[in-house]
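Undergrad: One structure, pasted below without further comment.
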Amino acid sequence: MATILGIVAVSISLWLFVSWIYRPMGERLEPVLETREEIAILMHPNPDPDAMASAMGIAHLASMVDTEYTIQYPGQIRHQENRVFENVLDPDFDRITRADEIAADDVVLVDHNTPRGFEGMDSIMPIAVIDHHPGDGTGLDFTDKRTNYGSCASIVTEYLRDVGVTPVAPSDVDDDLGDVEGKDADTTILPPNLAVGLMYGIHSDTEQLTSGAIGADYEAASYLCQGVDEKLLGRIASPEIDTEILAIKGRAFSNREKRGSFLISDVGEVNNIDAIPQAVDELIRLEGVTAAVVHGSRGGMTHVSGRSRDDRVDIGAALEAVAAEVPEASAGGHSRMGGGKFPIPELVTDGGNSDPLTGPPPEFNDDLFAALEGDI
């Protein structure tokens, strides 16, 4: 009898262990949040819709276990698309410039895996990291990095599904359940604003599920679909276009330089640097172009944005390789999308004098093409 009881006990222990190991990731994250009284959900500098939506989703998960939260970010919300997202959905975001402004000791990183863009960032040890970009950053208690996913919002959507949150038609949800972060809502219902945010986060990072998306991104979008308010989504997806952005898109097309299937364009000096990624989004759609880079200059820096739909070109790695050769430059991203900043150097003349340039050095395009071709 003792032997039988021992076998049963071991079997139960083994079953419990296997069940724990194979719990869905959302169920694993839930106790990490539940054991904290308060968390700070930190987005990357200049957050985009994917980062904002992911942060809003983690906030909803925190509200389900009665954990207080603050969503924060360094940098600025500048890009027209990003500002519209924030204005329409009206989430409560808090901007920081230093580590001592972070609202809680326990920090969750979304859509990036190492803190960056603020003073004292190296002192932050996140308890959790949720990301779809490559990198070495990890969380003390929870790490979920899925670099094959097209968006971080898809990962966070899976968490909500894992813990039983249900999207419902906006017409079937009471007005007081529309709160973005779910603080005042039945937390088992997906708030309409959050469904819209997550859906747009997925679409924006995968170019409407046409670039870099995998089956999981489609499944996440399908799960959210019932809870999406189409009119609200349309307000975010079709904002008014700034006249300077149109002008810069025109310059990008006129100034393009093409070598093989790769294209680079210098749009010169710009006031609105957010027009640069919007311009490259247009160029990558040109027939015969598989990778494109647009750069423009403002305030002593050249701002670069790149896109790739070429399996041979990891655009984030390519820009990072160019930046590695330039002091005080920084760049990165992932296989389909990347960006960076390069200080504008001074040109030394034959007489030994230094004249400041208004843009990158003449060889900059050559370096970019070399990186796209894998020669750097």
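The numbering of the sequence shown is our numbering, which starts it at 32 and goes up by one. For every residue, glycine included, the Cβ atom is placed at its ideal position computed from N, Cα and C.
#1: Confirm, please, whether the CB-CB distance from G299 to D81 is below 9 Å.
#2: Please report the distance separating the alpha-carbon of D193 from that of H75.
#3: Specify the secondary structure class of A40 as computed by DSSP and reduced to three states.
#4: Alpha carbon to alpha carbon, what distance is there between D125 and I108?
#5: Is R329 helix, strand or coil when you go by DSSP?
#6: In whole angstroms, what separates the C-alpha of S339 from that of E68?
#7: Using 10 angstroms around the beta-carbon of A216, count the other beta-carbons present and answer buried if the total reaches 16, otherwise exposed.
#8: Under the three-state reduction of DSSP, which class applies to E271: helix, strand or coil?
#9: Residues in its own chain within less than 6 Å of A184 by CB, not counting five upstream and five downstream?
#10: Could you give the DSSP three-state label for E61: helix, strand or coil?
#11: Give me, in chain order, the residues of the same chain whose beta-carbon lies closer than 8 Å to that of I133; leave out the 5 immediate sequence neighbours on both sides.
#12: Report the option in E351, A268, K176, E150 whose CA atom is closest to the CA atom of N118.
#13: Which runs of the beta strand (DSSP E) spanning at least 3 residues fall entirely within the region 116–194, listed in chain order?
#14: Is the beta carbon of H326 closer than 9 Å to that of I346?
#15: So what does DSSP say about I407, is it helix, strand or coil?
#16: If contacts are defined as beta-carbon pairs under 8 Å, then D142 and N113 qualify, I think. What distance do you get, rounded to the angstrom?
#17: What whole-angstrom Cβ distance do H163 and S182 have, given they're in contact under 8 Å?
#18: Excluding the five sequence neighbours on either side, which residues of its own chain have a C-beta within less than 8 Å of the C-beta of T241, listed in chain order?
#19: Would L294 be called buried (16 or more neighbouring beta carbons within 10 Å of its own) or exposed?
#20: Below 6 Å CB to CB, which residues in the same chain sit around K280 once its five sequence neighbours on both sides are set aside?
#21: Check whether the Cβ atoms of L64 and I89 sit closer than 9 Å, and answer yes or no.
TA: Short version:
#1: For the purposes of this step, residue 81 is taken as the residue at position 50 of the sequence shown. For the purposes of this step, residue 299 is taken as the residue at position 268 of the sequence shown. Not in contact: D81 and G299 (Cβ atoms no closer than 9 Å).
#2: Position 162 of the sequence shown, counted from the first residue, corresponds to residue 193. Position 44 of the sequence shown, counted from the first residue, corresponds to residue 75. Cα-Cα distance, rounded: 25 Å.
#3: As a working note, residue 40 is residue 9 in the sequence shown. Only weak support is given to the placement of A40: the predicted model assigns it a pLDDT of 49, under 50, and the value that follows is read from those uncertain coordinates. Here A40 sits in helix by DSSP.
#4: Walking along the sequence shown from the start, residue 108 turns up at place 77. Walking along the sequence shown from the start, residue 125 turns up at place 94. Computed Cα separation, rounded: 11 Å.
#5: Along the sequence shown, one-based indexing puts residue 329 at 298. If DSSP states are grouped into helix, strand and coil, R329 belongs with the strands.
#6: The residue given as residue 339 occupies position 308 in the sequence shown. The residue given as residue 68 occupies position 37 in the sequence shown. Approximately 42 Å, taken between the alpha carbons.
#7: For the purposes of this step, residue 216 is taken as the residue at position 185 of the sequence shown. Model confidence at A216 stands at a pLDDT of 47, short of 50, so the residue's coordinates are unreliable and nothing is read from them.
#8: For the purposes of this step, residue 271 is taken as the residue at position 240 of the sequence shown. E271 falls in the coil class under three-state DSSP.
#9: To locate residue 184, count along the sequence shown from 1; it is residue 153. The answer, listed in chain order, is D81, A84, S85, L229, G232, I233.
#10: One-based indexing of the sequence shown puts residue 61 at position 30. In this structure, E61 counts as helix in the three-state DSSP scheme.
#11: Translated into the one-based positions of the sequence shown, residue 133 becomes position 102. Hits under 8 Å: A71, L73, Q103, I127, I155.
#12: Working through the sequence shown from its first residue, we reach residue 118 at position 87. Among E351, A268, K176, E150, the Cα nearest to that of N118 is on A268.
#13: 124–126, 138–141, 159–162, 173–176
#14: What you label residue 346 is simply residue 315 of the sequence shown in a count that begins at 1. What you label residue 326 is simply residue 295 of the sequence shown in a count that begins at 1. In this structure, H326 does not lie closer than 9 Å to I346 by Cβ.
#15: Position 376 of the sequence shown holds residue 407. If DSSP states are grouped into helix, strand and coil, I407 belongs with coil.
#16: Your numbering for residue 142 matches position 111 in the sequence shown. Your numbering for residue 113 matches position 82 in the sequence shown. Not really, about 13 Å apart at Cβ, beyond 8 Å.
#17: For the purposes of this step, residue 163 is taken as residue 132 along the sequence shown, with counting starting at 1. For the purposes of this step, residue 182 is taken as residue 151 along the sequence shown, with counting starting at 1. Indeed they touch by this definition, with Cβ atoms about 6 Å apart.
#18: Here residue 241 refers to the residue found at position 210 when the sequence shown is read from its first residue. Excluding positions up to five away in sequence, the list is empty.
#19: Numbered from its first residue, the sequence shown carries residue 294 at position 263. Counting Cβ neighbours within 10 Å, L294 comes out buried, since at least 16 surround it.
#20: Translated into the one-based positions of the sequence shown, residue 280 becomes position 249. Within the same chain, K280 has close Cβ partners A310, E313.
#21: To locate residue 64, count along the sequence shown from 1; it is residue 33. To locate residue 89, count along the sequence shown from 1; it is residue 58. Yes; because the gap between Cβ atoms is below 9 Å, this pair is in contact.
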